[in-house]
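Trainee: There's a structure below that I have some questions on.
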Amino acid sequence: MKYLAAYPESLQTQVQQLLAQGRLGDSLLAKYRHAHTVKTDKALYDYVMVLKNDFLRNSEPLSKVMFDSKLQIITHALGTHTTISRVQGNKLKSKREIRVASLFKDVPVEFLRMIAVHELAHIKEKAHDKAFYQLCTYMEPQYHQYEFDLRVYLTHIDAAGKLEWPALA
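This is the structure in structure tokens:
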């Protein structure tokens, strides 16, 4: 239950019971019916840019958004945001990148939106503090529910493997 350690014991117990009964996956599949259609780096870039333009229009531009198959293994993270600074002539140029774990290629759109919102929020707020989570819930009012459900899904992956969501028709 490492993904749910910060949650109340009562919630952890409910998840453990569903897992023990073999019903945790079914409950997630019932709540989130379809996988999203964002499968390529270009589609992910377009998806994130729509969110950025809706909520963070005046923030620094993004140069790259991509799925990263090594992300979870190397950094134990589901997404990263980086700023890369380079000297070009007598100017210092910085580029912002967002990388999303490849795990998010085959999940419901709500989980993809949660991680995209999380990484976009880091453009304005570096730390995971009150202002950061206020920005996340401004961009996605159900942010905390989606984060919890994603953590439940990660718990399911550890115990029973990935779920296969049907593609959106």
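Residue numbers (full-length UniProt numbering): 1 to 169.
Each residue gets a CB set at the ideal place from its N, CA and C atoms; glycine is no exception.
#1: In the DSSP assignment, the beta strand (DSSP E) including G79 goes from what residue to what residue?
#2: Using 8 Å as the threshold, is the region 43 to 50 in touch with the region 78 to 89, meaning 3 or more CB pairs across them?
#3: Could you tell me the alpha carbon to alpha carbon distance between Q17 and V87, rounded to whole angstroms?
#4: Short of 8 Å in beta carbon distance, which residues of its chain neighbour L51, apart from the five on each side in sequence? Order them along the chain.
#5: Assuming the contact rule is C-beta atoms closer than 8 Å, L71 and I123 should be a hit. Round their C-beta distance to whole Å, please.
#6: Per DSSP, what kind of secondary structure is L92 in: helix, strand or coil?
#7: Whole alpha helix (DSSP H) runs in the region 6 to 44 with 4 or more residues, listed along the chain?
#8: Which residue wins for smallest C-alpha separation from D106, given the options E97, L29 and C136?
#9: Between which two residues does the alpha helix (DSSP H) harbouring L62 extend?
Mentor: Reading off the structure:
#1: On the sequence shown, residue 79 is found 79 positions in, with the first residue counted as 1. Its beta strand (DSSP E) spans residues G79 to Q88.
#2: Output reads no: the region 78 to 89 does not touch the region 43 to 50.
#3: As a first step, residue 17 is located in the sequence shown; it is residue number 17 there, counting from the start. As a first step, residue 87 is located in the sequence shown; it is residue number 87 there, counting from the start. Those two C-alpha atoms are separated by around 55 Å.
#4: On the sequence shown, residue 51 is found 51 positions in, with the first residue counted as 1. Only R113, A116, V117, L120 and M139 meet the Cβ criterion.
#5: Within the sequence shown, the letter at position 71 stands for residue 71. Within the sequence shown, the letter at position 123 stands for residue 123. Rounded, the Cβ-Cβ distance is 18 Å, inconsistent with contact.
#6: Looking up residue 92 in the sequence shown gives position 92. In the structure shown, L92 sits in a strand (DSSP, three-state: E or B).
#7: 9 to 20 and 24 to 31
#8: In the sequence shown, residue 106 corresponds to position 106, counting from 1. Closest option to D106, Cα to Cα, is L29.
#9: Position 62 of the sequence shown, counting from 1, holds the residue named residue 62. Element bounds for L62: not the alpha helix (DSSP H) but the beta strand (DSSP E), L62 to D68.
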